[in-house]
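Here is the structure we will look at, set down as structure tokens.
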Amino acid sequence: MDRKLTEILRNRFVSVAVDGEKMVNRRDAEGEFYRKILIQDTPYCPKAWPNREWMVLQRDLKDYSPEACETANTNILVLTVDPEGKALAYWSIEPQRWREGLEEAARNFKPAAASKIEPGRPDAYYGRALPAGGLSVSVTSKVLKGPEAEWTKGQLGLDYLWVRKDEAEELARGRLADSLKARIVRFHLPCGGKLRDLTLTGGRLSGSVLWEQGGARWNEELLGFIQTKDGKVVAFDAIVRKRSWAADRPEPASEHAVAFALADPAKEPAARLVWPGGARHSLDDYLR
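For the sequence shown, the positions run 2 to 289 when the numbering used here is used.
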């Protein structure tokens, strides 16, 4: 994103990142506001979600289940609304659409007093945060080489790894709990479960995997260090590199990097409030 668009965002908009699936199912003030945005019928909200009426009503069915409720995919859109929730403009996340979308939203905005929204009690399921006594680790990813690098243009992906209290206590003792190992491999590594030999020895976290299929090859390597003090984890730093090679090509066709760093939930509220990406369908399954 260029500097001018960044200035427009900072000076004329309040930026909020949300998970559409979570928001549409929340049974609280946040969920009501989000659903109000989705069901309106204006020129700036034109059937972007073909089953939006159904997904709003789904939450009221007797067999309601946050995990089972299917929703239209609003996670790939940028929505702009005024303080009352009236849609101003929307567009897909491709970088070239940002300028047009922001300019349209700015033209459509009409300053006016907005009614206050009482937050009330948060949703009992989606309002849950980082487990007490647990750790939050920021996970930053970037595509370094390959077709995706051209599309992402150097943008960073941000996620959080949540560590349960019992797992944090094991880390402080120099041990990697099987549940934490499985969570890292399944939800936070580019290869999605291929790396099986993740180990923690003397504070050194490491693992690697190489596999082939149809002549193509993939390699994933992880190296990190866990530091403790007074029985607590004070540092969780790791780097992951994933490379892939096309058949009969010596140079990697694509390359991804992922960095882990211990977050401070007291200074960074998102670290305890924003669910990890792997938990979006079920936080219980993620933390299992």
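Ideal Cβ positions, reconstructed from N, Cα and C, are used throughout, including at glycine.
For E171 and K230, the gap between their C-alpha atoms comes out near 13 Å. In the structure shown, Q97 adopts helical secondary structure according to DSSP, grouped into three states.
For V144, the number of other beta carbons within 10 angstroms of its own is at least 16, and it is reported as buried. Secondary structure at R36: helix, using DSSP grouped into helix, strand and coil. Bridge pairing for N220: L211, R244 [DSSP].
Here G32 is not near D160, since their CB atoms are 8 Å or more apart. In this structure S142 does not touch A272 by the C-beta definition: roughly 16 Å separates them, more than the 8 Å allowed. For L181, the CB contacts under 8 Å within the same chain, skipping 5 residues up- and downstream, are V164, R165, E168, E171, L172 in chain order. Judged by DSSP secondary structure, A169 falls within the alpha helix (DSSP H) whose first and last residues are 166-173. Straight through space, the alpha carbons of P191 and I185 are spaced by roughly 10 Å. In the pairwise beta carbon analysis, the stretch 105-114 is classified as not touching the stretch 21-35: fewer than three pairs are separated by under 8 Å. In the displayed model, K182 falls within a helix according to three-state DSSP. About 7 Å separates the Cβ atoms of R218 and S245, confirming a contact at the 8 Å cut-off. Taking all protein chains in view, the Cβ of V241 is crowded by 16 or more other Cβ atoms within 10 Å, so the residue is classified as buried. In the structure shown, D124 falls within a coil segment according to DSSP collapsed to helix, strand and coil. DSSP places K5 inside the alpha helix (DSSP H), whose first and last residues are 4-13. Under a 10 Å Cβ-count criterion, V82 is classified as buried, with 16 or more other Cβ atoms of the shown protein chains found around its own Cβ. Y91 places its beta carbon 8 Å or farther from that of L103.
In its chain, beyond the 5 residues on either side, G86 have a beta carbon closer than 6 Å to the beta carbon of K37. In the displayed model, G225 falls within a strand according to three-state DSSP. Of all alpha-carbon atoms in A280, L284, H282, P266, the one lying nearest the alpha-carbon of S137 is that of P266. When S283, W212, R197, A239 are compared, the shortest CA-CA separation from A247 is found for W212.
A direct Cα-Cα distance of roughly 19 Å separates G203 from R197. For V82, the enclosing beta strand (DSSP E) stretches over residues 78-82. Counting only the Cα atoms, A183 lies some 21 Å from G158.
Note: D238 is bridge-paired with F226 in the DSSP secondary-structure output. Each residue's CA atom was taken as its position, placing Q97 and Y35 some 26 Å apart. Around the CB of K243, 16 or more other CB atoms lie within 10 Å, so the residue is classed as buried.
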